[in-house]
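One structure is given here, and the rest of the page talks about it.
2 protein chains.
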Amino acid sequence: MTTTTGTTDAPEGESEARRATLRDVATLAGVSIATASKALNERAHVRESTRDRVLAAATELAFTPNQAARSLTSGQTGTVGLIADDLDGRFSLPILMGAEDAFGTGQVSVFLCDARGDAIRERYHLDALLRRKVDGIIVVGARTDARPPLVGRIPVPVIYAYAPSTDTTDVSVVPDDVQAGRDAVSHLLSAGRQRIAHISGDAAYTAAQERATGIASALEAAGLELVGGSAQFGAWSEQWGRGAAQRVIDQYPEVDGMICGNDQISRGALETLQRSGWNVPHQTSVIGFDNWEVMTTGPSPTLSSIDLNLEQLGRTAAELLFESIQGQVEPGIRRITPRVVTRESS
Amino acid sequence: MTTTTGTTDAPEGESEARRATLRDVATLAGVSIATASKALNERAHVRESTRDRVLAAATELAFTPNQAARSLTSGQTGTVGLIADDLDGRFSLPILMGAEDAFGTGQVSVFLCDARGDAIRERYHLDALLRRKVDGIIVVGARTDARPPLVGRIPVPVIYAYAPSTDTTDVSVVPDDVQAGRDAVSHLLSAGRQRIAHISGDAAYTAAQERATGIASALEAAGLELVGGSAQFGAWSEQWGRGAAQRVIDQYPEVDGMICGNDQISRGALETLQRSGWNVPHQTSVIGFDNWEVMTTGPSPTLSSIDLNLEQLGRTAAELLFESIQGQVEPGIRRITPRVVTRESS
DNA sequence: GGAAACTCCGAAACCGTTTTCGGAACGCTA
DNA sequence: TAGCGTTCCGAAAACGGTTTCGGAGTTTCC
Chain A
1 MTTTTGTTDA PEGESEARRA TLRDVATLAG VSIATASKAL NERAHVREST
51 RDRVLAAATE LAFTPNQAAR SLTSGQTGTV GLIADDLDGR FSLPILMGAE
101 DAFGTGQVSV FLCDARGDAI RERYHLDALL RRKVDGIIVV GARTDARPPL
151 VGRIPVPVIY AYAPSTDTTD VSVVPDDVQA GRDAVSHLLS AGRQRIAHIS
201 GDAAYTAAQE RATGIASALE AAGLELVGGS AQFGAWSEQW GRGAAQRVID
251 QYPEVDGMIC GNDQISRGAL ETLQRSGWNV PHQTSVIGFD NWEVMTTGPS
301 PTLSSIDLNL EQLGRTAAEL LFESIQGQVE PGIRRITPRV VTRESS
Chain B
1 MTTTTGTTDA PEGESEARRA TLRDVATLAG VSIATASKAL NERAHVREST
51 RDRVLAAATE LAFTPNQAAR SLTSGQTGTV GLIADDLDGR FSLPILMGAE
101 DAFGTGQVSV FLCDARGDAI RERYHLDALL RRKVDGIIVV GARTDARPPL
151 VGRIPVPVIY AYAPSTDTTD VSVVPDDVQA GRDAVSHLLS AGRQRIAHIS
201 GDAAYTAAQE RATGIASALE AAGLELVGGS AQFGAWSEQW GRGAAQRVID
251 QYPEVDGMIC GNDQISRGAL ETLQRSGWNV PHQTSVIGFD NWEVMTTGPS
301 PTLSSIDLNL EQLGRTAAEL LFESIQGQVE PGIRRITPRV VTRESS
């Protein structure tokens, strides 16, 4: 109740008054406002006793410098914008967390905007960010498919995360899905698997294609090929995983490893295998992508997965943004290396 | 590449110059900066031809008003802080989305802070928010257990969401877990179930207790009691759900309904039931809490669940914050009504 | 004992807006 | 033609800080 400033007009509440300003501090300390400023910022030569008086005054008045006023002179606001395409998607989050982390608690503040995949909304948020004079912007996509860059002349650096910009002079950070595919294969190979099937997700996704590419290339390098000859594309769902796995074991009972497009498909496949009496991982290994904790650690056996290191992706994006703000960075696409998380299913 | 301002010092790039300011617009339009301001804000009496010239100049220079400067005079920044306790927890997200939604795209911008359940971090973020003179703050907890209020004198309104403040003079918005429990019971009762078991989560959580309370009261009102006499408390995991469900059907084979502490327990229970050859929902209904899409729609049959309407909770929090900024709002705890989402398992 | 070199401190300009208030130009009436 | 109202516009004062630059006071040194 000491919060709102909705005092009707009762003059009694002098204590409720406006927030203390530098002038107030200076007056209380008996110095000029210039000196107060210097004292608080540890600037120049200010006698120690003077500084102490100023600091004391500042704490007494609970003084917090007005960042807006400060930004006016410095030109920098110490804020960045983060435009996400879909917040409820689970990919934005770790990236956002990584970025938040890299910016350092308190130093840089993050404006969060959810564009929901809508270009109009995106434009709207962008304008708001520019009005607020953010020092830079990170654009986080919902899928790894390349997206058109932000339109208009943007007077601050922009980093594209997860979904790269189609403009190669922009700076983008994406997961290395091809490598992720290769890693999945070599993981299964090192577990002694040779007859591997690939149950993928929606073929329209770049991620599906790139993972398939990595898988194919790694198998070829090992002189092998996919059971069934090629990947099965479908949807990113458990249901698809269940059905596709059923068809695989019906047609190719010799299969001893399954690489699934994501952890949901992986979970669906596991369920089918178990229901059909297959022993995972003894008879068949199963591995997915994304390392979505709730999917991978829920079932028994727990599911191995390729983690795309999205938090690190977010941190990298933030670091790149920093560098861009300071000077130039090399344009182009950076790929974040994935890592294998081994659990009971392989 | 036209983004960074890292021009070493080459004076050639006059085009790369600093962002256009109101003065530039005024000069270009041949008017005073006061008039330019008025024209852009549709203020006072400005001759139409003059306004048109100013607007033309503004668009030509791609002028965006400096919000910081504007805030200096208005005193309001049009920003709010959102301090979340754990971003990766799935409860903050919908709340955050609801809030973002209610604030309206562009009008109000949201500073996102992740305190990770650490009071020090929280303090740090809070200071940063106050420096930036946010107009208000929403604090989102990770659990519904009451939490101590923010420390220190906060000169702006604060709304506590999901986790209420222990201070009853604060404003809090929480899900109505007691009602959620009641709803679960009445849903099963209306499906003709009478012998209901309750497999809950960690008893240390207020949510677990409140749901149990609601369940108990609704059953009592119907003249029934829980199979086994009381709720089974354990963990919020699928594994616990599997084990607990097994014990329930072993000991009480007459059970015809299971209320599970959350969707993960629910899923675990479903798996056990199916593996034991029970038919869901014919033989036994299953319902959980939270309505976590990936958990509820993944398995077959899909799982019914009580949705706590977290997005609406977020919207409500945002609206309350608005009202607090304008004037006063009644302190205390608001409870958001849940809703039953019926799927195949009941 | 006076000049030079320091050490502290404050007046004032500035950042980019909004807003008040007075003045100029104009049309109209007497 | 003087007087009066309107209508537009601009000078200037905020807003809350930072920073430059010069002035006053104190040492140090010859």
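Chains as they are written, first to last, in UniProt numbering: chain A, 1 to 346; chain B, 1 to 346.
From the three backbone atoms N, C-alpha and C, an ideal C-beta is built for every residue, glycine too.
With a threshold of 8 Å between beta-carbons, can A:D114 be considered close to chain B, or not? yes
When you compare the CB positions of A:L313 and A:V173, do they come within less than 8 Å of one another, or not? yes
Let's see if you can read the secondary structure: which residues bound the beta strand (DSSP E) around residue 362 of chain A? Only positions 1 to 346 of chain A appear in the structure, and residue 362 of chain A is not among them; the question remains open.
Residue closest to A:N279, alpha-carbon to alpha-carbon, out of A:M258, A:D263, A:K38: A:M258
Touch test, the segment 249-263 of chain A against the segment 192-201 of chain A, Cβ-Cβ under 8 Å, three pairs minimum: yes
Please decide whether A:T59 counts as near chain B, where near means a Cβ-Cβ distance under 8 Å. no
Is it buried or exposed for A:T4, if we count other Cβ within 10 angstroms and need 16 for buried? Residue placement at A:T4 is poorly supported in this model, since its pLDDT is 38, which falls under 50; the coordinates are not used for a value here.
For B:A69, decide whether its Cβ has a neighbour in chain A, counting only Cβ atoms nearer than 8 Å. yes
How big is the Cα-Cα spacing for A:M97 and A:L82? 11 Å
For a test of the three-state rule: what should DSSP assign to A:Y124, helix, strand or coil? helix
For A:T59 versus A:T35, is the C-beta distance shorter than 8 Å? no
I need the straight-line Cα distance from A:E48 to A:V54, nearest angstrom please. 10 Å
Does the Cβ-Cβ distance between A:S165 and A:A142 come in under 8 Å? no
Distance between A:D307 and B:D9 (C-alpha atoms, nearest Å): Low confidence applies here, because B:D9 scores a pLDDT of 33, under 50, leaving its location unreliable; read the following figure in that light. Spanning the two alpha carbons is a distance of roughly 44 Å.
Alpha carbon to alpha carbon, how far is A:F233 from A:A245? Give it in angstroms, no decimals. 12 Å
Span separating the alpha-carbon of B:F111 from that of A:P281: 46 Å
Looking at the structure shown, is A:L87 part of a helix, part of a strand, or coil, going by DSSP? coil
For A:A122, which residues in the same chain have their Cβ closer than 7 Å to its Cβ, ignoring the five residues on either side in sequence? The displayed chain sequence assigns Glu, not Ala, to residue 122 of chain A. Excluding residues within five positions, the ones whose Cβ falls inside 7 Å are I83, A115.
According to DSSP, simplified to helix, strand and coil, what is B:H198? strand
Within the 8 Å Cβ cut-off, does B:F63 reach chain A? no
Chain B beta carbons: is any one of them nearer than 8 Å to that of A:M258? no
Quick check for students: name the residue ranges of the alpha helix (DSSP H) that lie wholly in the segment 265-336 of chain A, counting only runs of 4 or more. 293-296, 310-326
Is any beta-carbon of chain B found at less than 8 Å from that of A:T77? yes
Express the C-alpha separation of B:Y160 and A:L40 in angstroms, rounding to a whole number. 33 Å
Nearest-angstrom Cα distance between A:I95 and B:S345? 35 Å
Let me make sure I understand the geometry here. Which of B:A128, B:P175, B:A218 has the alpha-carbon closest to that of B:S190? B:A218
Three-state secondary structure (DSSP) at B:L130? helix
Residues that B:V294 contacts on chain A, provided the C-beta gap is smaller than 9 Å: R90, E238, Q264, W292, V294, M295
First and last residue of the uninterrupted beta strand (DSSP E) at B:R339: 339-341
The beta strand (DSSP E) enclosing B:A175, as first and last residue numbers: For the record, residue 175 of chain B in the displayed sequence is Pro; it is not Ala. Taken as a continuous stretch (DSSP letters only), the beta strand (DSSP E) holding B:P175 covers 171-175.
For chain B, check one thing: does any of its Cβ atoms lie closer than 8 Å to the Cβ of A:G298? yes
Show which residues of chain B have a CB atom less than 8 Å away from the CB atom of A:S109. F111, C113, A128, L129, R132
Measure the CB-CB distance between A:N262 and A:G288 and report whether it falls below 8 Å. yes
For chain A, is any of its Cβ atoms less than 8 Å away from the one on B:R147? no
If we call anything under 8 Å between Cβ atoms a contact, is A:D202 one with A:A235? yes
Enclosing alpha helix (DSSP H) for A:S71 [first to last residue]: 67-74
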